[in-house]
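Student: Have a look at this one before I ask anything.
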Amino acid sequence: MNPQVEPTPSTQIDPPHPAEDVLDHVGYRLKRAHAALRSAMDQALREHGLTVPQYACLEVLAARPGLSNAELARATFVTRQSMNVVLRGLQDAGLLTRPATVESGRARPASLTDEGRDRLTAAQEAVYAIEARMIEAIPDERLTALLEDFDRLARALSD
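Put into structure tokens, the structure is as follows:
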């Protein structure tokens, strides 16, 4: 027999803002926006045979050829181990090249192949359409401030 236990009031800590619903807290709102973006990106990139990390790797390499595994991992917000898997997959698909060997202790820089550039260009059209949809939802006069606020949030958590 399970006796009825009367609930005891838990100690409630007030959030740092006046949201009445927990799902309206800043972190939940950011995560909801991130989840919507990730879902749209996954769907768009699937048509191009890419994952979000693969796309990010190709896009960063197009802008900064020759980056190492560690540099790419930092730029695309994945671990070095995950980036190694991404790089191997892209290399096996013929979308990038890395030297087979390098001097001892040196990083193996990656570069896009022509096929990698073509795949990236095709995928960018779909990804940029998603970004345009997001930007269109924000009034022009607020976009710069929003982007600056995103940077402030990141810095606040990096300190």
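For what it's worth, my numbering labels the leading residue of the sequence shown as 13, then goes sequentially.
We put the CB at the ideal spot given by N, CA and C, even for glycine.
Report the partner residues of T109 according to the DSSP bridge assignment.
Tutor: Looking up residue 109 in the sequence shown gives position 97. For T109, which the question treats as bridged, DSSP gives the partners S123.
Student: In the structure shown, what three-state DSSP assignment does Q93 receive?
Tutor: Indexing the sequence shown from 1 puts residue 93 at position 81. DSSP places Q93 in helix when its eight states are reduced to three.
Student: Does S51 come out as helix, strand or coil in the three-state DSSP assignment?
Tutor: Locating residue 51 in the sequence shown gives position 39, counting from the first residue. Reduced to three states, the DSSP call for S51 is helix.
Student: Do you know how far the Cα of E137 is from the Cα of R110?
Tutor: As a position in the sequence shown, residue 110 is number 98, starting the count at 1. As a position in the sequence shown, residue 137 is number 125, starting the count at 1. Answer to the nearest angstrom: the Cα atoms are 26 Å apart.
Student: With distances taken Cα to Cα, identify the nearest neighbour of C69 among K43, L42, L169, T91.
Tutor: Along the sequence shown, read from residue 1 onward, the residue named residue 69 stands at position 57. The shortest Cα separation from C69 among K43, L42, L169, T91 belongs to T91.
Student: Note down the Cα distance separating M146 from Y40, rounded to an integer number of angstroms.
Tutor: In the sequence shown, the residue the question calls residue 146 occupies position 134. In the sequence shown, the residue the question calls residue 40 occupies position 28. Distance between the alpha carbons of M146 and Y40: 18 Å.
Student: Note the first and the last residue of the continuous alpha helix (DSSP H) segment covering P65.
Tutor: Taking the sequence shown and counting its residues from 1, the one referred to as residue 65 is at position 53. Where P65 is concerned, the enclosing alpha helix (DSSP H) stretches over 64-75.
Student: Looking at C-beta atoms only, is the number of pairs between the stretch 82-98 and the stretch 27-44 that lie closer than 8 Å three or more?
Tutor: The stretch 82-98 is not in contact with the stretch 27-44.
Student: Take L99 and list the residues in its own chain whose beta-carbon comes closer than 8 Å to its own, dropping the five residues that flank it on each side.
Tutor: Reading the sequence shown from its first residue, position 87 is the one you call residue 99. Here the set comprises C69, N81, L84, L108, R110, A122.
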